[in-house]
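Q:
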Amino acid sequence: MTEHLIDNKSHAKQVEELDKKHYLHPTTIPKKHVDHGPKLTFSNGHGIYVHDTKKDTYIDGISMLWNVNLGHGQKELADAAHHQMSTLAYSSSFAGYSNEPAVLLAEKLAALAPGDLNAVFYTSGGSESNDTAFKLSRFYWQLKNQPQKTKIIALEQSYHGVTIAGQSATHLAAFHNFAGSSINGVLHAKPHLTECEKGSTSHPEYEGCIRHIVEKEGADTIAAVIIEPVQGSGGVHMPPAGYMEAVRDLCNEFNIHMIADEIICGFGRTGKMFGVDHWNVVPDIMCTAKGITSGYSQLGAVLLHQNIRDTLVQYEEVLAHGFTYSGHPTACAVALKNLEIMERDQIVDHTKTMEKHLLQGLGYLKEKHSMVGKTRALGLLGGFEIFADSEKEIEFDPSLTAAAALTEECFARKLILRPLGAGVGKNIIAIAPPLIITKDEIEKMISIIDDSLSALSKKLKA
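Numbering (the working numbering), first residue to last: 78 to 539.
Structure follows, in C-alpha cells:
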C-alpha cells in the first residue's frame, strides 16, 4: 500500500479513493459512501481533539462511540500496550490457559463492581458481552433444572448491540430488523414505568410494562431482564426516580436475572464508576466494554454475581462458549493502565464536576433558543432535543431531519456530535465528550452549538 502514499499532496485523496474501493463501513449508508467517500479520515488526536488527513482539527463531542473516556493520544495507554506486546502479545484462554493481565484485571473489576459481582468472562466488545450474558443466564437456569427459563425482556428504545441476540434485544428498528436474523424469545417492554413495575395494575400503560409481560408469559419462562441504566443510542433517556430499584425488586420477586448493560454507562461516564451505582442497585450480571480501555484496545467483560459463578464452576463438561480474544493479554494490560489512570487522576470525581458545567451550558442554550428543550446530563452522558415549538413539544416535520441538520452545522464548525431519534420522530442531540474535558472546553462546545442553532434557525425560517 505504501506506493499509494508517496505523494504527500495527494495523500488524503488517495486514501479516500482506496476507502471507497475496499472498505465496507458499519452503520453507514453504503450508496452515499461509495459516491462521496468518507466524511472524515482521522489521522491523529490529542485530548478532546482529533485531526484529519487534511490537517483540520475537530472537537470530539461524542468520544467517538461513547468510548474514548480518557481522550485521544494517551501515551501511557500506548506504552502499556507496547510493553505487553513486547512481552506476551496474545495467549489463549481456552482449555484452562491463562495470563497475568487477565487475572489481575478480573480481580480489579471485582473490586470496583458493586455487591458480589466477583467473576469475569471476557469478550471483545459490547455486543459480545450482551450475547454472553444471555447465554450464561440461560445456561445457569439449565443447571438449576429450569431449562424453560429462556426468554429475555428488554426495553423499547434500547440498544444492546448487533450480534444476533444483541440485535434481537435492541429495539431501534433499523438494527432490530436488519437482515431478518433476530432470535425468538426476546420481548420488549415500555421503559421507565416505575409505578407499573411496583405493581400498579390500574395504570393506563400497565400492559406494556415488564411486570405485565412476566405475568403474561409466566416467570418460569423468563431468564432475564436487560436494561441500560441510562439509555444511550435510543436517545440518552434517564430513568425516573425509583425505576432501577423497582426493576431490581421485580427480578427478585420473580426469580429472574437482572442484567445491567453498562457498555456506555460504565467506567466513569455518568459520574460514578458504573451507572447502577447512582441507585445502589446490584445486578446479577453486568455487561461492560467501551470505557474499560477508553477504546484503546478491543475488550469487553461480563461480570457475574457470586451465586451464578458458584453454579457455573460446578459444571463438569466443557463450557462451550468463548472467543479467540477472550482475556487478550494486551487488551487487559491496557484496561489495567486505564483504570490506574482513572483512579490516580480522580477522573470519576472530575466527571461529576464537569456535569455541572455541561448542565449550565445546556440551560443557557435552552434559555436562548426557543427550539431547545429536554436538556439532560448524568456525568458526561448528556443531550437535548430540538422542537418546532419546545414549549408545546411540537416536533419538526420528519422530512427536515432537524437533528441531523444541526449536527451538520456543528460539524461545519469543527464539532462532532451525534443525532438520535429519527426512527421515532424525535430530534435528539447526544453529547458525551472525553471525561478529561475542561470547563473552558465545555464552554467552547456550547458556543459552537449556540452558533449552530442560530444558523439552523435562519435556514428553517428562510
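Glycine is no exception: its CB is placed at the ideal position from the N, C-alpha and C atoms. Just so you know, these numbers come straight off a predicted model, no measurement behind them.
Whose C-alpha, out of S204, A454, C487, A479, is nearest the C-alpha of D466?
A: The option with the nearest alpha carbon to D466 is A479.
Q: Please name the residue, chosen from G276, V359, E272, G438, that lies closest to G459 on a Cα-to-Cα basis.
A: Ranking G276, V359, E272, G438 by Cα distance to G459 puts G438 first.
Q: Closer than 6 Å by C-beta to A166: which residues in its own chain qualify, once you throw out the five before and the five after it? Chain order, please.
A: Excluding sequence neighbours, A166 sits near T407.
Q: With DSSP as the reference, identify every bridge partner of L380, one or two as the case may be.
A: Bridge partners of L380: V197, M363.
Q: By a C-beta neighbour count over all protein chains shown, 10 Å radius and 16 as the cutoff for buried, is Y373 buried or exposed?
A: By the neighbour-count rule (16 or more Cβ atoms within 10 Å), Y373 is buried.
Q: Name the two residues that bound the continuous beta strand (DSSP E) containing D528.
A: Not the beta strand (DSSP E): D528 falls in the alpha helix (DSSP H), residues 516-538.
Q: Going by beta-carbon coordinates alone, are I369 and F344 separated by less than 8 Å?
A: Yes, these two residues count as a Cβ contact at 8 Å.
Q: Whole angstroms is fine: what's the gap from K588's alpha carbon to E153's?
A: No answer is possible for residue 588: it lies beyond the span of the chain, which begins at 78 and ends at 539.
Q: Using only the alpha-carbon positions, how far apart do L189 and M419 sit?
A: Their Cα atoms are separated by approximately 12 Å.
Q: Could you tell me which of G257, E432, W218 sits nearest to F518, measuring between CA atoms?
A: Strictly speaking, residue 518 in this sequence is Glu, with Phe absent from that position. Of the listed residues, the one whose Cα sits closest to E518 is E432.
Q: Are there 16 or more other CB atoms within 10 angstroms of the CB of P510, so buried, or fewer, so exposed?
A: It is buried - the Cβ of P510 has at least 16 other Cβ atoms within 10 Å.
Q: Rounded to the nearest angstrom, how far is the Cβ of T200 from that of A378, given a contact under 8 Å?
A: Contact holds; Cβ gap of about 7 Å.
Q: Within the same chain, show all residues whose beta-carbon is closer than 6 Å to that of A366, passing over the 5 residues directly before and after it, in chain order.
A: Cβ neighbours of A366 beyond the five flanking positions: G202, G203, S206, I340, G377.
Q: For the beta strand (DSSP E) that Y135 lies in, which residues bound it at each end?
A: Counting along the chain, the beta strand (DSSP E) containing Y135 begins and ends at 134-137.
Q: For the segment 248-324, list the alpha helix (DSSP H) runs that are entirely contained and at least 4 residues long, ordered along the chain.
A: With a minimum length of 4 residues, the continuous alpha helix (DSSP H) runs that stay inside the segment 248-324 are 250-253, 271-274, 287-294.
Q: State the Cα-Cα distance for the pair S531 and S447, rounded to the nearest angstrom.
A: The alpha-carbon atoms of S531 and S447 are separated by roughly 10 Å.
Q: Write down the C-beta distance between L381 and F198 rounded to the nearest angstrom, noting that I regard them as a contact closer than 8 Å.
A: Correct: roughly 7 Å between the Cβ atoms.
Q: Go ahead and label S163 buried or exposed: buried means 16 or more other beta carbons lie within 10 angstroms of its beta carbon, across all protein chains shown.
A: S163 is exposed by the Cβ-count criterion.
Q: Roughly how many angstroms separate the alpha carbons of Q223 and F473, rounded to a whole number?
A: Their backbone Cα atoms lie some 49 Å apart in a straight line.
Q: With DSSP as the reference, label N415 as helix, strand or coil.
A: It is helical.
Q: In chain order, what are the residue ranges of uninterrupted beta strand (DSSP E) at least 3 long that sit wholly in the segment 447-519?
A: You should have 449-455, 458-463, 495-497, 505-508.
Q: Where does P268 land, buried or exposed, given buried means 16+ other C-beta within 10 angstroms?
A: Buried: at least 16 other Cβ atoms inside 10 Å.
Q: Report yes if the C-beta distance between L264 and K228 is below 8 Å; otherwise report no.
A: Yes, the Cβ-Cβ distance between L264 and K228 is below 8 Å.
Q: Are the segment 267-284 and the segment 320-330 touching by the rule of at least three beta carbon pairs closer than 8 Å?
A: With a cut-off of 8 Å, the segment 320-330 and the segment 267-284 count as touching, because enough Cβ pairs lie within range.
Q: Under a three-way DSSP split, which group does D129 fall into?
A: Looking at D129 - three-state DSSP - the assignment turns out to be strand.
Q: Compute the distance between the beta-carbons of H334 and I362, then report whether it is under 8 Å.
A: Contact: yes.
Q: Look at the alpha carbon of F331 and the alpha carbon of K293, and state the distance between them as a whole number of angstroms.
A: Using only the alpha carbons, I get a separation of about 13 Å.
Q: Do you know offhand how far K212's Cα is from W143's?
A: Each residue's Cα considered, the two are about 26 Å apart.
Q: Can the beta-carbon of S371 be found less than 8 Å from the beta-carbon of G311?
A: It is not a contact, given that the beta carbons lie outside the stated cut-off.
Q: Where does L142 sit, in a helix, a strand or coil, going by DSSP?
A: Correct three-state label for L142: helix.
Q: When the Cα of N121 is compared with those of K132, V395, T104, G500, which residue comes out closest?
A: Checked all of K132, V395, T104, G500; the closest Cα to N121 is K132.
Q: Within 10 Å of its beta-carbon, does H427 have 16 or more other beta-carbons around it, so buried, or fewer, so exposed?
A: It is buried - the Cβ of H427 has at least 16 other Cβ atoms within 10 Å.
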